[in-house]
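In the UniProt record's numbering, the protein residues as written are 1 to 269. Ideal Cβ positions, reconstructed from N, Cα and C, are used throughout, including at glycine. The structure presented is a predicted model; accordingly, all values stated were derived computationally and were not measured. First the structure, in the form of structure tokens, and then the observations on it.
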């Protein structure tokens with residue numbers, strides 16, 4: 001009787017083991033396809049943008065190969081670190097595309113040419129080193145003001161601490177970050193720790209403005225925010241067709257849906 005009971009149990013164990021093995025092999029195969037697609041797109045973007053380091057690429061969606069059936073990759077991101085931009089030096093750039101429509105061949109190859117996407121977001125960030133290079137300070141620190149929650153939109157605030165030229169010690173200044181059309185202005189609002197008699201010099205040292213069309217956003221910035229010690233500029237577009245040039249961080253002059261009149265009107269609503 002006991003022997004009869006053992007046989008069904010052994011059968012169940014063997015069956016469970018086979019199923020687990022099949023699932024494991026399937027997961028490994030799916031991961032391999034995803035890694036290859038990510039690697040191929042990373043290489044393509046780096047080559048197109050003449051980047052020294054291949055960007056980090058991520059294809060979202062589990063399992064990855066479901067896109068072969070659905071024809072859609074839920075999420076694609078491209079992170080480019082320490083990109084050397086004319087006039088700005090080293091910055092970080094990130095592009096995200098949502099609900100990207102791809103053929104099975106494109107999915108397997110990691111190719112996104114002429115691919116419709118529901119939403120594309122491009123961000124460029126300046127950390128303390130990058131912003132410090134613009135202000136002539138090698139020790140600049142960017143922080144959230146105390147008792148002020150992080151915010152973003154067309155304006156935000158930041159607490160900057162650094163040693164401007166002509167100062168013996170670091171000074172701290174509260175600045176407003178504001179977008180006015182395509183123009184970004186950083187303006188001191190409160191002098192936190194500034195030597196007496198150096199107030200005007202400090203205000204001048206921490207004042208900065210740029211035309212955000214010069215940033216690799218494909219158009220003017222629509223949002224500025226402070227996150228994790230970096231200042232972020234962001235642009236978005238909906239229902240667009242994306243290509244490699246939309247993912248490289250050095251695309252600044254090519255025409256883009258980001259800067260279309262229709263998109264600007266939709267963004268304002």
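Linking residue 65 to residue 34 through their CA atoms gives a straight-line distance of about 8 angstroms. CA-CA distance, residue 249 to residue 196, rounds to 43 angstroms.
Rounded to the nearest whole angstrom, the CA to CA distance from residue 41 to residue 56 is 9 angstroms. Residue 73 is not a Cβ neighbour of residue 98, given a cutoff of 7 angstroms. Under the three-state reduction of DSSP output, residue 93 falls in the strand class.
The C-alpha of residue 191 lies about 49 angstroms from the C-alpha of residue 112. The C-alpha of residue 137 lies about 8 angstroms from the C-alpha of residue 129. Residue 168 carries a coil assignment under DSSP once its states are collapsed to helix, strand and coil. Beta-bridge annotation (DSSP): residue 232 is paired with 125 and 225. It is roughly 24 angstroms from the alpha-carbon of residue 60 to the alpha-carbon of residue 83. When DSSP reads this structure, residue 120 sits in a beta bridge with 97 and 237.
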